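Heads up: the sequence shown runs through residues 17 to 207, numbered per this note's numbering. Heads up, the beta-carbon is just placed ideally off N, CA and C, and yes, glycines get one too. Computed from a predicted model, the values in this text were never measured in an experiment. Here is the structure we will look at.
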Amino acid sequence: MNFDLVLKQLGFKLRERQIIAYLYSKGNCKASKIALELCIPKSTILFVLYKLEKKGFVTKIKKAKSYIFTPADPTALINHFDNTIQEAEAKKEKILPLIPEIRRLKDHKADAKIAYYSTDSSIKELRQSLLEQVDNKDTKILYDKESVKIYANDQYLFLLSDDLAVRFENRGTLVKFINAFKYVNAYEIKK
């Protein structure tokens, strides 16, 4: 199998693959020699070599005023591959419990719905259905002036979940039913 292809499958970038393959084939080299033979600027070679040294794939030895770079033992590549697999499995274990939550968010319709109720009877029906949900413990009443007959100035606020509430704003006989009203700690919970 092609060594460059193996390095690519291990996640190495092009310059890293070129330099590692060169070092394994030629042995100990200075950065200037690698730059000449690979036709890559010396600054790029040094940058990649220092990066590979930090990862443990290359060792540098100081000789006189320059450095000689040596490829690490091939087991370092195997260890890198094993570590990559372990990191991926750890990430997978962290993500798996989140999948049901993500699916629930995906299925939830993000758009706020606004429905208008213009007759007193439809307003009473809607309010009654929410009160029945309160009785079933699906919903909590956060604020209700407890006046069913007078709708002119009343406001009703029902908590549907921990961060989602329903608010009635009555303007004459027109009521807005908004399902995306964010609950702020402005109302006391009353039952």
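- Counting C-beta pairs with one atom in each stretch, the segment 96 to 107 and the segment 22 to 41 have three or more that are closer than 8 Å, which means they touch.
- The beta carbons of Asn18 and Thr86 sit no closer together than 8 Å.
- The Cβ-Cβ distance between Glu32 and Val64 falls below 8 Å.
- For Ile50, there is no enclosing beta strand (DSSP E); the enclosing alpha helix (DSSP H) covers residues 47 to 54.
- In the DSSP annotation of this structure, the continuous segment of the beta strand (DSSP E) that includes Lys78 starts and ends at 74 to 79.
- If you ignore the 5 residues before and after Lys71, its C-beta comes within less than 8 Å of the C-beta of His96, all in its own chain and listed in chain order.
- Taking 8 Å as the cut-off, the Cβ atoms of Tyr40 and Leu54 do not count as close.
- Going by C-alpha positions, Ile118 is about 19 Å away from Glu105.
- Residue pairing from DSSP places Ser82 in a beta bridge opposite Lys79.
- Rounded to whole angstroms, Asp20 and Ile36 show a C-alpha spacing of 9 Å.
- Distances from the CA of Pro90 to each of Phe73, Lys79, Lys67, Thr60 were compared; the closest alpha carbon is that of Phe73.
- Around the CB of Leu23, 16 or more other CB atoms lie within 10 Å, so the residue is classed as buried.
- Considering only Leu62, Thr75, Ala47, the residue with the shortest C-alpha distance to Ala88 is Thr75.
- In the three-state reduction of the DSSP assignment, Pro87 falls in the strand class, which pools E and B.
- Shown here for Tyr83: same chain residues with a beta carbon closer than 6 Å to its own, the five before and five after excluded, namely Lys76 in chain order.
- Here Ile61 is buried: its Cβ has 16 or more other Cβ atoms, across all protein chains shown, within 10 Å.
- Lys42 is not a Cβ neighbour of Ala51, given a cutoff of 8 Å.
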